[in-house]
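What follows is a single structure, written as structure tokens, with notes after it.
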Amino acid sequence: MSTPRLHLLTHPSAREACFPELLPGDWLLLADQGVLLLQGGHRWPEHIQLACLQADCAARGLPVPEGVHSLTDDAWVALVARHEQVLSWL
Numbered sequence: 020m021s022t023p024r025l026h027l028l029t030h031p032s033a034r035e036a037c038f039p040e041l042l043p044g045d046w047l048l049l050a051d052q053g054v055l056l057l058q059g060g061h062r063w064p065e066h067i068q069l070a071c072l073q074a075d076c077a078a079r080g081l082p083v084p085e086g087v088h089s090l091t092d093d094a095w096v097a098l099v100a101r102h103e104q105v106l107s108w109l
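According to the numbering used here, the sequence shown is numbered sequentially starting from 20.
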């Protein structure tokens, strides 16, 4: 089994390229404009951990939906440190 990866999605347009690459156990972190995907009623893969940057949601006036991990900047750094692979989707 592969080691879980962290996917950093920073723009909604990267969703279609990113989603097929998500493997069971991977984390998907929505940051910058990527947090706008939280308001679209999107279906999220059930086999991943979904997170967003708290500050980016607050800056856009978006509530964090139930089941989504809301991360501070310090928690983001810790999440990156726990993953051997970090993939950025711009």
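Cβ atoms here follow ideal geometry from the backbone N, Cα and C, with glycine treated the same way.
Residue i to residue j, Cα distance in whole Å?
i             : j            : result
serine 107    : serine 32    : 13 Å
proline 43    : valine 87    : 16 Å
glutamine 52  : aspartate 75 : 8 Å
isoleucine 67 : glycine 80   : 25 Å
Compare the beta carbon distance of residue i and residue j with 7 Å and say whether it is the shorter of the two.
i             : j             : result
histidine 102 : leucine 48    : no
cysteine 71   : valine 54     : yes
leucine 109   : threonine 29  : yes
leucine 69    : tryptophan 63 : yes
Can you say whether residue i is buried or exposed, counting buried as having 16 or more other CB atoms within 10 angstroms of its CB?
i            : result
alanine 97   : exposed
aspartate 93 : exposed
alanine 50   : buried
Measure the beta-carbon distance from residue i to residue j and round it to whole angstroms, keeping in mind my assumption that it falls under 8 Å.
i          : j         : result
leucine 27 : valine 83 : Contact doesn't hold; Cβ gap of about 17 Å is too wide.
Please list the segments of the alpha helix (DSSP H) lying wholly inside the segment 56 to 103, counting only runs of 4 or more residues, in order along the chain.
Runs found: 73 to 78, 92 to 101.
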